[in-house]
Amino acid sequence: MDLLVKEILTSSVTEHPVLEVIENRRSLRAYADKPVEPAKIDALFEAARWAPSSMNEQPWFYIYATKDQPELWQRICDSLMEGNRLWAANAPLLIVSLARKKHLRNDRPNGSAKYDLGAANAFLSLQATALGLNVHQMGGYDREKLVYNLGIPVEDYELGVVMAIGYPGHPEELPENLKQRELAPRSRHTIQGFVLNRSFNHGNE
Ligand SMILES: Cc1cc2nc3c(=O)[nH]c(=O)nc-3n(C[C@H](O)[C@H](O)[C@H](O)COP(=O)(O)O)c2cc1C
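Counting from 396, one number per residue, gives the positions in the sequence shown under my numbering.
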């Protein structure tokens, strides 16, 4: 392994000032028993809409369901891995994120589709934080089940994360192991672990 990677340290504090939404965003698991207002759902997708994308292709695509649409909501929830379903079943809003595989312009493969979807999901997550909502992204779902349950045309769409969204709830209501994770400080590699101000093989001249 590269020596640089071995040197990575972690820290639980923001070492430089950042936007409040970046500092406050967390992937929580406890949800309050309160629906997400339709205007806020609109704001989440509006935020995703304004993400940058390669050639402004905007390859993101979303299917969402609130608990007021029990059948659709359940189709998404049922496809989650058990470890996620355990807590995500309390989220009043579930969003499936997809990336259109081909350019609309010429039907050619879009190599940036998932990259751009990630940016849109990040915008959506930060907007959610600003609105007092928690977004928890999940890659832990049964792909075949989700494709079947939602009739996703896989020749046209790649699957991204499923997001569980709602107002934060009480950690005490979670099972003990999850409660501890919920309350634990977040940790990140320090900047020195992933930023160079020189090339890999030369100095900084
Ligand atoms: C692509 C992706 C997949 C993830 N899948 C899961 C998952 O299946 N279950 C889960 O509990 N968290 C999942 N997470 C959340 C991460 O574990 C979380 O973002 C990370 O631990 C950092 O914590 P923070 O978001 O609270 O800062 C996923 C996040 C991303 C971006």
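Note that the Cβ used here is the ideal one computed from N, Cα and C, for glycine as well. Keep in mind the model is a prediction, meaning the values are calculated, not measured.
A residue is called buried when at least 16 other Cβ atoms come within 10 angstroms of its Cβ; K429 does not meet this threshold and is exposed. The alpha-carbon of E550 is positioned some 8 Å away from that of K496. DSSP places L439 inside the alpha helix (DSSP H), whose first and last residues are P433 to R444. S492: not part of any alpha helix (DSSP H); member of the beta strand (DSSP E) spanning L488 to R495, first to last residue. In the three-state DSSP reduction, T524 falls in the helix class (H, G or I). Excluding the 5 residues flanking it on each side, P548 has no same chain C-beta neighbour closer than 7 Å. Taking a contact as a CB-CB distance under 8 Å, the pair S582 and S422 does not count as one, their CB atoms being some 13 Å apart. Within the DSSP secondary-structure output, T461 pairs in a beta bridge with L488. Taking a 10 Å sphere around the C-beta of P433, we find fewer than 16 other C-beta atoms and assign the residue as exposed. Between R444 and Q453, the alpha-carbon positions lie close to 8 Å from each other.
Between L578 and P566, the alpha-carbon positions lie close to 7 Å from each other. Taking 8 Å as the cut-off, the beta carbon of A494 is found no closer than this to the beta carbon of A483.
With a threshold of 7 Å, the Cβ atom of V491 does not count as near ligand 1, since no heavy atom of the ligand is closer than that. The shortest C-alpha to C-alpha distance from E571 to any of L414, A425, V416 and S520 is the one to A425. For secondary structure counted as the alpha helix (DSSP H) over 4 or more consecutive residues, the stretch 515 to 572 holds these complete runs in sequence order: 538 to 545. Taking a cut-off of 8 Å on C-beta distances, the stretch 533 to 549 does not touch the stretch 498 to 505, as fewer than three cross pairs fall below it. In the three-state reduction of the DSSP assignment, S406 falls in the strand class, which pools E and B.
Residue environment: L475 is assigned as buried (16 or more neighbouring CB atoms within 10 Å of its CB, all protein chains considered). Leaving aside the five residues that flank Y552 on each side, the residues in its chain whose CB is nearer than 7 Å to its CB run, in chain order, F456, L493, A494, R495 and K496. Contact between N516 and P563 does not hold, since their C-beta atoms are separated by about 19 Å, which reaches or exceeds 8 Å.
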